[in-house]
Amino acid sequence: MMILLAVSIIVFSLMHSVPGGPFDERKGRLPPAAKANILKKYGLDQPVWKQYINYMSHAVRFDFGIPYQRPHTTVAKLISKSWAITVQVGLTTIVVAFGFGILAGIYAAYHQNSWVDTLVTFVSSLGVTVPNFVVAMWLILIFAVSLNWLPMGGWGSSGQCLIDKYFCTDWILPVVAYAIAPMAIVARYTRASIVEVMGEDYVRTARAKGLSEVKVMRKHVLRNAQIPMVTALGTEIPNLITGSIFIESTFRINGLGKYFVTSTLNRDYPMIMATFLLVAFLWGILYLLTDIAYTMIDPRVRLGAKSLS
Amino acid sequence: MKLNESKRSSGWCRFLKFSKQIVGGTTLLSALCLAPSAVLAGGHGLPKDAAPADQQVLRVPCDNTRNEVTFDFAVAVYQRYACIADLFQDTLVDLDKDFNVIPAAAESWSVDASGKVWTFKLSKGLQWSDGTPLTAADYEATFRYSADPSSAWDFTWFYSFIGAGGIKNWSKVVAGEMPTSALGIRAVDDLTLEVETEGVFPPLPGVMKFAFLLSKKALEAHGPYYNNDPDTSVSAGPYVLTEFDPGNRIVVEANPNYKGYRPARLQRIEGIYMSPATFFTAFQQGEVDTVPYEYLTPADFKIIESDPTLKENYLRHFGDFRTDYLLFDTYTAPFNDLNVRKAFAYALDRDAIVKNVYGEIKAMPAHSMLMPGYPASDTKGELTQYQTFDCPKAKKHLADAGYPDGKGFPDQEMWLRGEGPAMSAVYQASAASIAQCLNIQIEVSNKDGKVYMDALNAKPTQLTLGAVSYGMDFLDPANLLGIWVSSGRHSWTNEKFDSMVAEASNLVGDDKKREQMFRDAQKILVDDVGGVFIAHRWQGDLFKPYVQGDSFRVPDSNGISGKHWGNDWYWGNVYITNAK
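Going down the list, the sequences are from chains A and F. When the letters of the first sequence are read in order and numbered with our numbering, they come out as residues 1 to 309. When the letters of the second sequence are read in order and numbered with our numbering, they come out as residues 1001 to 1580.
Have a look at this one:
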């Protein structure tokens, strides 16, 4: 709650300190009366602290106001509609990125300095350094334009789906483009964690005791490699499930990602606040879950807590 | 009701299509699926080479990064669903390919002896898609809604800006000093609309190009956003809204109850939202049928120019006679010195920028504000001498201003108004050209659009040096020169220019004298360097070869084809050929 409060105060202050407002003066100035009226209409004629209290008193009841970009709906409705799609994209991406990333990391760690390791490291570096909108355009040009294998955009509208409107052919390119960077990060962290644990004395001891490689791997290596992986990789999740303007825009996905940018450009104050609060909330929840995961992975974390109490 | 039937039909059709995939096609199923074509509302006057009426579908790309809130001009001009806008009503007048004013919803108009009261006679039998007759009261209600301060219409400035041409009492109504009923717009009877202006203003009929109306009945029942929902949307235009998923897809279909001057040949227009970066790719893929020029990159143009079919179907035109230029704060140093401004004007290598940055297909060098082809423009090149690339001359002017070889000249920051990559490159090149010639420092800073406009509009201005573009609002020099008068947005004053523009704007009965006055005024503007003019933009659209229609395929009297600005009759003229 303290985090949300702090974020709300900072974001509210920052957005009101930037020039402009929910009116358009691109070609000419609005007459003062019209401008005053629009400020009044949105409650922007009040002192900023009053506006903040007013906003937050409604926000705690999940009333985030009317988005200036979509005046015929509410922020809550707009977010729930667009975020549902973004969450689908995000979760699918998480499955792909973490699934393939962990497998690639483990494989590379077990075959250190082999060509597979080199390949995984190279692809990982490429995944981190090449922006996802560039990857997206490459994928479109290759698989949609040149080969004509897959649709170049949409989400669940290709008509070729596994289940109803889910797992469709138009999911493939956006998910791959979106997953490459986190997959690279996951692979690198996984490899680094496993390599480090594999060099520990207790792993050598386990091997010396004659345990099979599978058991050494499952009981000693993977279990102990999980803590740094959870710490590093958990933070990727909120990023992925709140969307990417580049991926959503390039692949025609009508999700939440673009609102992080357009609401700022359009001085859509209610939408800016709601999106930032959503991100802050997700980060808060995720850190909480990460802490809980520590206690499940490593009993010492739990024991430490007991001794403190 | 029609809409619901249509929706059910398409749902039923989808089901049949699905069944066909599962059990194989049958004649009966196909016949049922084709049934809706029997009640198609489009297909008016289709030429012999046209595809069948049920295949008259145009797919247009929509920019999914735009901020859009309405279909209606009268609600928000700059936040309209741009790819499918202004199809739910007819304005009072339209423009032909030579930009002459032609009848649209109004079949005729006249002005009284005072020159201030215009009477527009509406065509008989016009109606809304729900069957309600369209009357002058709809226009009256629309103007009243737009002028109401509580509407905070983003185009309010316009009717104040045109001075004498402004609708009577507009500024006072907008300021809340008078009720909306005091506005100089009156429905005399069902078919007669009176427009009273503040002063004598000959181009007024052309300004009524912007008289897009709202339904009074729907406005009262559902509020200004009634067109954002197919269930409450009503149309007096050639199309009706049938599917609306903002940011994803918009579909309009031919209006079966349309009685106006541009009945649809097309059966349906589909607006497909996508990233601007993928417009051309989608065009290549065959997912859309047109791409506007502003979404084509230099790389796309290279492909277009090297492909005969694409090249033939890229139709270049004047657009809104847009000019890109640099502006100054001429009230403070260093730009209060005419020599400095002249130095900048002569230091800009326009030809090189057009050739290497814009590409000649997209622009022509500008030496003045009015693009050749626009009324009172400098078609003979008489003004070129005032603003042309001449580096030695530029250096001399800077030296005369007290900055020999650029020494002591303060470093400048040139602001851009949230420009995209293509226009940023143009302005970067402009700054580089000036800086290199004059041996000075100019840093280019691409600002957020609202930050830029706040600084530009501030009095006194907070913008010392900036770059921007402007396109016409109506085809009269009073428009594009009017923005340079001292009460406008630029921080440049020339009393002679002001009085000339004011006098010419109101002059009636002597067109030659009026045009000459505007020419003289423009000479003052370029000679006194109110701004440094970089280029006039050629605009255009890329079409699929099977998209046809005289409105954009047949050239105008200047030999220019393409979808001309303000030619709303295009939407009743465009069709799909059987070559698709």
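Beta carbons: idealized from backbone N, C-alpha and C, even for Gly. Here the structure is a predicted model, which is why all the values come from computation and not from measurement.
With 16 as the cutoff for other CB atoms within 10 Å, does residue i come out buried or exposed?
i: K1216(F); result: buried
i: Y1331(F); result: exposed
i: P1149(F); result: buried
i: T1309(F); result: exposed
i: Y68(A); result: buried
i: H111(A); result: exposed
i: P47(A); result: exposed
i: W1128(F); result: buried
i: T118(A); result: exposed
i: E1312(F); result: exposed
i: S1377(F); result: buried
i: D1667(F); result: No answer is possible for residue 1667(F): it lies beyond the span of chain F, which begins at 1001 and ends at 1580.
i: G1531(F); result: buried
i: K1447(F); result: buried
i: S1108(F); result: exposed
i: H1490(F); result: buried
i: S263(A); result: buried
i: Y202(A); result: exposed
i: S114(A); result: exposed
i: F246(A); result: buried
Quick one: what's got a C-beta closer than 6 Å to residue i's C-beta in the same chain, skipping five residues either side?
i: L1213(F); result: Q1089, D1138, Y1139 and T1142
i: D1154(F); result: A1076, V1077 and Y1078
i: W1565(F); result: G1319 and D1320
i: A109(A); result: R191, I194 and V195
i: M1517(F); result: M1500 and A1504
i: W83(A); result: L256
i: S1486(F); result: T1493 and D1498
i: A1429(F); result: I1353 and V1357
i: T1461(F); result: D1329 and S1491
i: S1146(F); result: A1074 and W1153
With DSSP as the reference, identify every bridge partner of residue i, one or two as the case may be.
i: D1466(F); result: In the sequence as displayed, the identity of residue 1466(F) is Gly instead of Asp. Bridge partners of G1466(F): L1327(F) and W1415(F).
i: Q1539(F); result: H1317(F)
i: T1119(F); result: S1110(F) and E1194(F)
i: K1447(F); result: R1417(F)
i: I1102(F); result: D1094(F)
i: R1059(F); result: E1270(F)
i: V1291(F); result: L1542(F)
Assuming contact is defined by CB atoms lying nearer than 9 Å, are residue i and residue j in contact in what I supplied?
i: D1550(F); j: N1573(F); result: yes
i: K41(A); j: A1076(F); result: no
i: W171(A); j: I85(A); result: no
i: L126(A); j: T1156(F); result: no
i: D1535(F); j: D1324(F); result: Note that residue 1535(F) is Ala in the sequence shown, not Asp. Yes, these two residues count as a Cβ contact at 9 Å.
i: A1432(F); j: P1334(F); result: no
i: F1533(F); j: Q1412(F); result: no
i: D1229(F); j: G20(A); result: no
i: R1537(F); j: A1363(F); result: yes
i: F1552(F); j: L1266(F); result: no
i: E1443(F); j: M1414(F); result: yes
i: P22(A); j: F98(A); result: no
i: L1087(F); j: Y1239(F); result: yes
For residue i, I'd like the list of residues in its chain whose CB is within less than 8 Å of its CB, leaving aside the five on either flank, ordered along the chain.
i: Y1374(F); result: F1318, F1321, M1472, L1475, P1477 and L1480
i: M137(A); result: T250
i: I66(A); result: T73, T74, V75 and P270
i: P1593(F); result: Here chain F has residues from 1001 to 1580 only, and residue 1593(F) is not among them.
Compute the beta-carbon to beta-carbon distance between residue i and residue j, rounded to the nearest angstrom, for a pair I have assumed lies under 8 Å.
i: M1274(F); j: A1282(F); result: 6 Å
i: T1135(F); j: D1190(F); result: 4 Å
i: N1064(F); j: G1286(F); result: Not confirmed; about 19 Å, so no contact.
i: E1194(F); j: V1251(F); result: That belief does not hold up - the Cβ atoms of E1194(F) and V1251(F) are roughly 38 Å apart, past 8 Å.
i: A1074(F); j: T1091(F); result: The Cβ separation is near 11 Å, so there is no contact.
i: I1185(F); j: I1167(F); result: 6 Å
i: V1069(F); j: R70(A); result: 7 Å
i: L240(A); j: I102(A); result: That belief does not hold up - the Cβ atoms of L240(A) and I102(A) are roughly 15 Å apart, past 8 Å.
i: I1576(F); j: Y1546(F); result: 6 Å
i: N1339(F); j: L1398(F); result: 7 Å
Given residue i, which residues of its chain have a CB within under 7 Å of its CB, disregarding the five upstream and five downstream residues?
i: Q1436(F); result: none
i: F1018(F); result: In this prediction, F1018(F) scores a pLDDT of 40, lower than 50, which makes its location untrustworthy; no coordinate-derived value is stated.
i: P1292(F); result: D1541
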